[in-house]
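Numbering (the working numbering), first residue to last: 18 to 459.
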């Protein structure tokens, strides 16, 4: 595959794109990370199950172009990817768009982009037309190859996916999930910190409990890791969360969610461990997640890493199925072949592993960031400037939830005025009384 200049990674970085705030940030602050391949979880895009056809690939781009979930999942990633989606659709229309048999199937999928039957119908009809047009089929395949290399948001539907999975609300998860017993970890090797803010809707705490359930079902011995949950705002869910984790911390916070402050507080006021796993509450880990990532620190020169190259953001039905399979059924993983969602590549957040002394040295996350976006890019800029950071090719599974606002009410992006890479933490960080502020370095 061709190298996308917007991608951070490799031992070199060639940023050039100027299409969105994220791309401009990566152009200004190229991240030099060592990439490793061959992880336990293989990307859906590096396997061929024999089902891939031009029609299926084109139908996927129709979904990406018309599903409102795509711009909602990551605004900057959509800004970067949307022109590529439209380029694919234009090439499709120019090649075979005059065939009248395609119009009804396309209109149906455009109106109902989550309709799997409509997707299959359009794919089949497209392949039928292309069977007698080998030149056009070959041309479209090359157009798709180029597009796949350029977009940040792709579409995945496993061959065994079935819509209509049983809905798992909070009550059902509490009743049916496997919680088991936890041994105390007086000297853990890994401290997992997870943050939570759910002001009453319940979908975020449901995801958190699924995340915690998966963390309690790990191949790593229970005494080797500890889990801290930090809840912001009011302690809405203390009575549910606290009995199921090793440490519960509440931060009295108002306004926009400050993930940076919550993460820092969890690290500073939780148990001491040589390695930190800083995890989003919507991530559903496989059984070897902790063991696999801790093993990566066997090399003493290894300072920090992202375990993932891709994050699969599941749709609501697939999220229910993933919870049933992993948390209720006790499966070792979610099974990507049964999942449907949006595959985001080179996501800077979701999960960061780092040695504790290095996290302390850089002052943790920048607590000036509030609301959506920026804090994960910022900490990676500071980490890569002073330590060895790697990126592995695991696929993180992200559970569906209501999307937060990705910009201020006036349309401006959150945190646009904060200078990236200037936080030092010398004024303190992770205090329980409130987030720290720090002037820009001169």
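All C-beta atoms, glycine included, are put in the ideal place defined by N, C-alpha and C.
Per DSSP, reduced to three states, the secondary structure at residue 370 is strand.
Under the 8 Å Cβ criterion, the segment 230-246 counts as touching the segment 201-214, having at least three qualifying pairs. Between residue 273 and the set 385, 283, 221, the nearest pair of CA atoms involves 385.
In the three-state reduction of the DSSP assignment, residue 243 falls in the strand class, which pools E and B. A distance below 6 Å between beta-carbons, with the five flanking residues on each side excluded, links residue 122 to the following residues of its chain, in chain order: 138, 139, 142. If you draw a straight line from the Cα of residue 451 to the Cα of residue 289, it comes to about 21 Å. In the displayed model, residue 88 falls within a helix according to three-state DSSP. Residue state for residue 149 is assigned as coil, using DSSP reduced to three classes.
Leaving aside the five residues that flank residue 200 on each side, the residues in its chain whose CB is nearer than 7 Å to its CB run, in chain order, 239, 240. Secondary structure note for residue 295: it is in no alpha helix (DSSP H), and the uninterrupted beta strand (DSSP E) holding it is 292-296. Within a 10 Å sphere around the beta-carbon of residue 408 sit 16 or more other beta-carbons, which makes this residue buried. Per DSSP, the unbroken beta strand (DSSP E) holding residue 327 starts and ends at 321-331.
Distances from the CA of residue 326 to each of 361, 344, 296, 292 were compared; the closest alpha carbon is that of 361.
In the DSSP assignment, residue 412 falls within the beta strand (DSSP E) that extends over 406-415. Taking the Cα of residue 335 as reference, the smallest distance to any Cα among 324, 351, 356 is reached at 356.
Between the C-alpha atoms of residue 173 and residue 98 there is a straight-line separation of about 15 Å. When beta bridges are read from the DSSP output, residue 210 appears opposite 245, 295. By alpha-carbon distance to residue 332, the top candidate from 406, 133, 281, 286 is 133. DSSP places residue 379 outside any alpha helix (DSSP H), giving it a letter other than H or E.
In the three-state reduction of the DSSP assignment, residue 264 falls in the strand class, which pools E and B. The beta carbon of residue 449 sits closer than 7 Å to the beta carbons of 268, 282, 286 from its chain, once the five residues preceding and following it are set aside; these are given in chain order. Collapsing the DSSP output to three states places residue 418 in coil. Looking at the backbone, the Cα of residue 313 and that of residue 81 are separated by about 35 Å. In the DSSP assignment, residue 311 falls within the alpha helix (DSSP H) that extends over 306-312. Contact between the segment 158-165 and the segment 91-111 is present: three or more C-beta pairs spanning the two stretches fall below 8 Å.
Residue 117 and residue 148 have their C-alpha atoms spaced approximately 16 Å apart. Judged by beta-carbon spacing, residue 369 lies beyond the 8 Å limit of residue 353, meaning their Cβ atoms are not closer than that value. Measuring C-alpha to C-alpha distances from residue 79 to each of 112, 126, 92 identifies 126 as the nearest.
In the structure shown, the three-state DSSP call for residue 361 is strand.
When beta bridges are read from the DSSP output, residue 171 appears opposite 360.
In this structure residue 227 touches residue 344 by the C-beta definition: roughly 5 Å separates them, less than 8 Å. Leaving aside the five residues that flank residue 185 on each side, the residues in its chain whose CB is nearer than 6 Å to its CB run, in chain order, 337, 340. Here the C-alpha atom of residue 225 lies approximately 15 Å from the C-alpha atom of residue 192.
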